[in-house]
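Residue numbers (the numbering used here), protein chains in the order written: chain A, 1 to 622; chain B, 1001 to 1472.
Every residue gets a Cβ at the ideal spot worked out from N, C-alpha and C, and that includes glycine.
As the structure is a computational prediction, the values presented were derived from the model and not from experiment.
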């Protein structure tokens, strides 16, 4: 720490108000903070930055005194507060990520929450009302009725109330944990102005954010965290996107690439097609194709729409617009609008949020795994007797495959560790024999060994020609595992990367919106084209004859102009002869038109073998 | 009245800062005056010194039990204290037994005993909720079962005598009985409590415990305090209950649990915490009493209690359905004033009362009312008299003409009262003050008390009403 240049000029600026030394904080097996060092001075705006799960929010909570630490030392203005009341007395105000307001109370009471002693008021009520009205007018830029019941106000004003609560007693240290999330641009400007005036009065302001553009404008110094450790401190003039990202990604990480090769699909057969869907706003639509035998990684900062996307693909929540379709084993496409259609389409969903959408805490390990199969494996017709023997076999198979460690299979699932619980849930997904498995951050809180097993299993699964959608908040997971990675930002795909040449640094830059998003149209983008490289030339003359010869019988649909352009972009245009009737339904057009790329399994294998010989051979052969 | 009807929308349309008030009182106030009017029409004897006196005696334990529930329900976490009824019973039976054993003889010691026992029970309750982290509803259910059993062990069957000084409390011969004083003092105590910082902490905690904790509110202390206050009210409720039955009863108190919860919800409290008002709880409990009273005037025979329960249930559901429109009211009408609403409806109800007591049955006015003190069920009424009777148009006689002459200033002053109230309302809503409701409520309550005091003299409410307007 003493070696950093930042420390040298310390006396010039002001005394250190926050000193965090070698702090460790574990949540079960997860290391949220792993020996972090950090310091901030009076009269500066200090940013704490990092990717997802790097421990920045934990750090804010530790400094504000609501999380006890496991080891190390925290000194704030010479004290170590351990409850919010103590930290308030020390002069620390924190605005938390969640909007914490009492809905049934008035704006005044909410703003002055916690500033009174137990029985005596610090200010008379009239003074409080005047101060609250003034403060809210300053912050929100419009008059706010101080007597309004908070529950009736919009979210933006509620956020301002939490900020006003932190500002109302002139804090010496102000901690803002992603506090501008619910604010629009103008509001953010007003917040920044307030922060600057506080700083000029000698307060320390700590902002925790992942909005890089904002923090570059406002902060005087920045500490970058990665994996629960501090990896560098940047002075004002050093705070640039490039420096921040370099520290956040950590170039040395690129070395330990996984030995494995990401599975590649054998052909262009599509497993799922999402056309013109949107998950946030109605007009921001995009397409997405999932091929058989590939693993698609979904990444993004927390709450950028990737979660809604994978849930829509799994049929948990409907898409706001557009349609999601899944192919059955005969190449027919069926819509996925709800969970039962998803199950019928053989899509399995595994959630990383075990407590809320995973385990049945009061049931046994066995029941937790085979529960969805009760209906499939029933006997006795209408009586629906559950076939326990078959289920026992399935349980044994999946438990062995995933190396689940358990005592008795009838023990309650809560007797297992978090990682093993997750394995049971993944086993439940596999036990349904799905064609597509959607995993929503399944590796959250499970150990390295279990992760390795999981990857191996999923890779084998993909090699059987099944498809995997894998959302993760840890980029390292995609290395040597995902066929392609799609990064979400602001509710839609922002960029895409080829899994064979995956650079976590680039992915992280994309997560922060610092790339050009060109990857979306690339062969590994939203609508992948497998034989992009294998057909490098000669396609100009080929398409008509090739498509006609291979699929002439089944091409019954005229390709709409917009689709045709896309096809040509991929230099693999299908036949354009309308063999028979015009399309009946609009959403299906694209699917049917795309069918030349995904012939039925036997045929596709033939073509793949053909391709494997050489690129030209394919054209000649056709 | 038309005057008011045109004035009020204009008041509400003003986009001003002052004069916010609790729209959740809308339903209980409406229900209160509906039931009051009905009760007076059905049994004019309610509006006598004796009628009101006995009503106070009967309703006070329920009102105090509702206050006790209110204190703990505000603290959040769904703290609906089901054990309130058995707790009242417990204090009742132990009090009777201890008095019988010659321990508690002094009125002061009896009051202290009841309040301390109630507070102690709730203190233990709070400690379990906080440190063992059991859900409050489970703790209260266990308390309900345990106390119900313990009560029967202490006093196997109803019996015993109440302390001597309490003996004549339960007669209800006058409005100003000691029980009434307890009720008034308890209400004032709560109103004073709402002005403290502690009460603000309590409401904030009940509304969002995490927000309160992270803002530095000492939530454990606040929760314990809420429970202890609740226990104190439970002790007072037990005293009032003891005065009502003048003996010990191990099982009667248990029935208070359900009706107190009903009254609380009827009064607009949120069982999720953070919102409850003393005025609402009071009205909720009084409404339940009035339901019982009105139903008692019909003779349902053996199924009386079932009909009463049916009425409780259906009125509760109906009022909760009405509560659904409250968000709508909050959005469109920023300045709903329960006080103004109360005054307007109060004047209407006063008219109904005057009509019922003076015109409807002249005999009730001319003769002393001793024989109709009891709230005994009346004879079954012939349907045509029941439905047509109140609508009958009588020919004015000489006495009626005199009455009319007497009533003219009354009506004028009632209108004046409304006009004044509307103007006060306008003034408040234009000012920056939040509300003057507490002040108005205190003035109104004082007037009502004064009226009741005058009424004690001659049994006629007319001077009371007149007095109300003059003072105003």
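- In the DSSP annotation of this structure, the continuous segment of the beta strand (DSSP E) that includes residue 276/A starts and ends at 270-278.
- The bridge partners DSSP lists for residue 471/A are 298/A, 440/A.
- Residues of chain A whose Cβ lies closer than 8 Å to the Cβ of residue 1270/B are, in chain order, 104.
- In this structure, residue 483/A lies near residue 263/A, with their beta-carbon atoms less than 8 Å apart.
- In this structure, 1178/B is the residue among 1178/B, 1130/B, 1221/B with its C-alpha nearest to the C-alpha of residue 1107/B.
- In the structure shown, residue 176/A falls within a strand segment according to DSSP collapsed to helix, strand and coil.
- Residue 174/A is not a Cβ neighbour of residue 164/A, given a cutoff of 8 Å.
- Under the Cβ criterion of 8 Å, residue 84/A is counted among the residues facing chain B.
- Under the Cβ criterion of 8 Å, residue 131/A is not counted among the residues facing chain B.
- For residue 1267/B, the secondary structure class from DSSP, reduced to helix, strand or coil, is coil.
- Look at residue 1211/B: its C-beta is under 8 Å from a C-beta on chain A.
- Boundaries of the alpha helix (DSSP H) around residue 1036/B: 1026-1042.
- Per the C-alpha coordinates, the member of 229/A, 208/A, 227/A positioned closest to residue 221/A is 208/A.
- Cβ-Cβ distances below 6 Å link residue 26/A to 70 in the same chain, with the five nearest sequence neighbours on each side left out; the list follows chain order.
- Residue 375/A has a beta carbon lying at 8 Å or more from every beta carbon in chain B.
- The Cβ atoms of residue 1446/B and residue 1343/B lie no closer than 8 Å to each other.
- Put simply, of 1300/B, 1277/B, 1303/B, 1267/B the residue whose alpha carbon is nearest the alpha carbon of residue 1287/B is 1267/B.
- Listed by position along chain B, the residues whose Cβ is nearer than 8 Å to that of residue 120/A are 1197.
- Of the candidates 1424/B, 1321/B, 1255/B, 1285/B, the residue whose Cα lies closest to the Cα of residue 1341/B is 1424/B.
- Across the set 1201/B, 1297/B, 1324/B, 1122/B, the C-alpha of 1324/B shows the shortest separation from the C-alpha of residue 1024/B.
- For residue 94/A, same chain residues with a beta-carbon under 6 Å away, outside a window of 5 residues either side, are 64, 175 in chain order.
- DSSP, read as helix, strand or coil, puts residue 453/A in helix.
- Looking at the DSSP output, residue 229/A shares a beta bridge with 226/A.
- By the Cβ-count criterion, residue 1105/B is exposed, with fewer than 16 other Cβ atoms from all chains shown falling within 10 Å of its own Cβ.
- Going by C-alpha positions, residue 238/A is about 11 Å away from residue 219/A.
- For the pair residue 436/A and residue 195/A, the CB atoms are not nearer than the 8 Å cut-off.
- Of the residues 1117/B, 1124/B, 1347/B, the one whose Cα lies closest to the Cα of residue 1220/B is 1124/B.
- Under DSSP, residue 304/A forms no beta bridge with any residue.
- With respect to chain A, the C-beta atom of residue 1340/B has no partner C-beta closer than 8 Å.
- With the rule of 3 Cβ pairs closer than 8 Å, the region 1148-1155 of chain B does not count as touching the region 1027-1046 of chain B.
- Contacts with chain B at 8 Å (Cβ-Cβ) include residue 114/A.
- Ranked by how close their Cα comes to the Cα of residue 67/A, the residues 75/A, 51/A, 84/A have 84/A in first place.
- With 16 or more other CB atoms across the displayed protein chains lying within 10 angstroms of its CB, residue 1096/B is buried.
- Distance from the Cα of residue 340/A is smallest, within the candidate group 313/A, 240/A, 360/A, for 313/A.
- Interface flag for residue 203/A against chain B is unset, since no Cβ pair is found closer than 8 Å.
- Only those residues of the region 350-371 of chain A whose C-beta falls short of 8 Å from the nearest C-beta of chain B would be listed, and there are none.
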